[in-house]
Ligand SMILES: NC(=O)c1ccc[n+]([C@@H]2O[C@H](COP(=O)([O-])OP(=O)(O)OC[C@H]3O[C@@H](n4cnc5c(N)ncnc54)[C@H](O)[C@@H]3O)[C@@H](O)[C@H]2O)c1
């Protein structure tokens with residue numbers, strides 16, 4: 333099979349993880365990279381053995397390269413929308429890290445542009461590829477939980493991470509979109525009403541805590557709580573791979589009239605105790621194994637490469653779900669700021 337030639341934009345922490353995985357995939361070829369920061373770009377080129385003439389400080393220069401099949405966007409959240417649209421205009425398929433955009437109208441424009449161009453836009457909602465979250469989806473679809481009444485979700489991040497994100501993007505577009513994607517996937521229908529509250533404890537531009545209640549068309553009542561206030565003394569579960577050690581404290585509980593299913597990401601079972609502290613290394617998202625990086629990130633990128641090679645939309649990660657997530661995320665911000673519910 334012909335390799336999918338990919339240009340990757342954003343060689344920061346997660347971009348480097350993508351590069352690592354893409355280099356492992358037989359169906360993918362890293363044909364160009366871009367970062368607006370020259371030092372980050374040069375370091376990635378050197379670490380991944382890539383030639384200088386395929387490195388771009390201007391991402392639009394990369395997008396214009398004729399021989400690329402697809403663009404993988406792993407840059408800052410606010411740059412995603414314009415880069416996705418430019419890639420579609422140049423006839424490229426797109427893999428874009430979450431969030432699809434930070435503006436709902438832009439997400440709708442992407443949906444339209446993707447349909448008109450006949451190209452795929454695949455959003456990296458990694459949780460769908462993580463075995464426990466996928467297993468819960470199967471329980472729902474196979475009717476084991478009966479009719480779903482409520483879904484409760486929580487995702488808290490290390491306080492130290494907020495120094496880099498507090499002036500960068502509202503947390504609903506960073507931590508919150510993980511659970512919003514799961515809620516849209518599990519509920520399987522539109523969200524009709526949102527009420528949200530937020531608090532700003534650390535004085536950055538964006539709140540470090542929000543708490544939202546969502547109502548879906550089929551009656552499901554859902555909650556989404558997210559704070560970036562996990563203290564430094566908490567057992568770390570994000571260690572080694574991402575150059576950003578810390579703690580993700582996430583929990584989901586799906587409540588049906590025949591059963592419940594829940595998953596706790598923070599302390600999934602593995603413990604490492606040393607003189608400097610206790611770790612609970614996370615093993616589902618991007619674990620290092622005998623064949624390199626495995627887990628959900630590898631499954632996700634593999635799935636995307638296959639879909640691009642076949643030019644076939646992913647039924648597992650439809651673009652429409654990510655557009656719906658953007659609508660809800662924007663309503664959460666609006667409700668948190670106005671103190672009023674938002675009808676969708
Ligand atoms: N799925 C997950 O679990 C997960 C985890 C971490 C990050 N992410 C996502 O990955 C993306 C990147 O996050 P990160 O932690 O790597 O951030 P980062 O700050 O480490 O890296 C972002 C890089 O993008 C570059 N950049 C910014 N704007 C650019 C532009 N217009 N063109 C080219 N390069 C540009 C920056 O210079 C930087 O090197 C974000 O969307 C984030 O939400 C996803």
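In my numbering, the protein residues as written are 333 to 676. Ideal Cβ positions, reconstructed from N, Cα and C, are used throughout, including at glycine.
Should residue i and residue j be called a contact, given that it needs their Cβ atoms to be closer than 8 Å?
i           : j           : result
residue 511 : residue 497 : no
residue 386 : residue 342 : no
residue 476 : residue 590 : yes
residue 365 : residue 383 : no
residue 372 : residue 344 : yes
residue 514 : residue 584 : yes
residue 658 : residue 433 : yes
residue 492 : residue 537 : no
residue 359 : residue 628 : no
residue 653 : residue 501 : no
residue 489 : residue 560 : yes
residue 420 : residue 446 : yes
Provide the residue span of the alpha helix (DSSP H) that contains residue i, from first to last.
i           : result
residue 508 : 508-519
residue 473 : 463-473
residue 549 : Counting along the chain, residue 549 falls outside any alpha helix (DSSP H), and DSSP gives it neither H nor E.
residue 356 : 345-356
residue 711 : What is shown of the chain runs 333 to 676, which leaves residue 711 out entirely.
residue 448 : 436-449
Measuring only from the beta carbon, is residue i closer than 7 Å to any heavy atom that is part of ligand 1?
i           : result
residue 625 : no
residue 491 : no
residue 406 : yes
residue 368 : yes
residue 378 : no
residue 411 : yes
residue 375 : no
residue 613 : no
residue 458 : yes
residue 593 : no
residue 464 : no
residue 506 : yes
residue 372 : yes
residue 391 : yes
residue 656 : no
residue 423 : no
residue 659 : no
residue 430 : yes
residue 461 : no
residue 346 : yes
State the Cα-Cα distance for the pair residue i and residue j, rounded to the nearest angstrom.
i           : j           : result
residue 637 : residue 391 : 21 Å
residue 337 : residue 357 : 12 Å
residue 363 : residue 462 : 28 Å
residue 639 : residue 646 : 6 Å
residue 576 : residue 669 : 30 Å
residue 503 : residue 581 : 15 Å
residue 450 : residue 509 : 26 Å
residue 626 : residue 586 : 27 Å
residue 633 : residue 452 : 14 Å
residue 613 : residue 464 : 16 Å
residue 347 : residue 423 : 22 Å
residue 671 : residue 549 : 22 Å
residue 380 : residue 431 : 26 Å
What are the boundary residues of the beta strand (DSSP E) that residue i is part of?
i           : result
residue 401 : No beta strand (DSSP E) contains residue 401, which DSSP labels as neither H nor E.
residue 489 : 480-489
residue 595 : 592-596
residue 531 : 523-531
residue 377 : Note, residue 377: premise wrong, no beta strand (DSSP E); alpha helix (DSSP H) at 370-379.
residue 647 : Per DSSP, residue 647 belongs to no beta strand (DSSP E) and is neither H nor E.
residue 553 : 553-559
residue 456 : 453-456
residue 340 : 336-341
Return yes when at least one heavy atom of ligand 2 lies under 7 Å from the C-beta of residue i, else no.
i           : result
residue 343 : By its list of ligands, the structure shown excludes ligand 2, since it contains just ligand 1.
Could one say the Cβ of residue i lies closer than 8 Å to chain D's Cβ atoms, at least one of them?
i           : result
residue 525 : As a matter of chain content, chain D is missing from the structure shown, which is built from one protein chain.
* Asked: Taking contact to mean at least 3 C-beta pairs separated by less than 8 Å, is the region 519-528 in contact with the region 653-672?
  -> Flag = yes, the region 519-528 and the region 653-672 touch.
* Would you call the region 537-557 and the region 595-614 in contact, with 3 or more CB pairs under 8 Å? -> These segments do not touch.
* **the region 484-494 contacting the region 452-469, beta-carbon criterion three pairs below 8 Å** => Contact fails: fewer than three Cβ-Cβ distances are below 8 Å.
* Asked: Would the region 604-612 and the region 566-577 be scored as touching if the rule is three or more Cβ pairs under 8 Å?
  -> The count of Cβ pairs closer than 8 Å, one atom from the region 604-612 and one from the region 566-577, reaches three, so the stretches are in contact.
* Report yes or no: do the region 441-449 and the region 613-623 share at least 3 C-beta pairs separated by less than 8 Å? => Touching, no, given that fewer than three Cβ pairs across the two stretches are closer than 8 Å.
* Asked: Just checking, does the region 467-481 make contact with the region 532-544 on the three C-beta pairs under 8 Å criterion?
  -> The region 467-481 vs the region 532-544: no contact.
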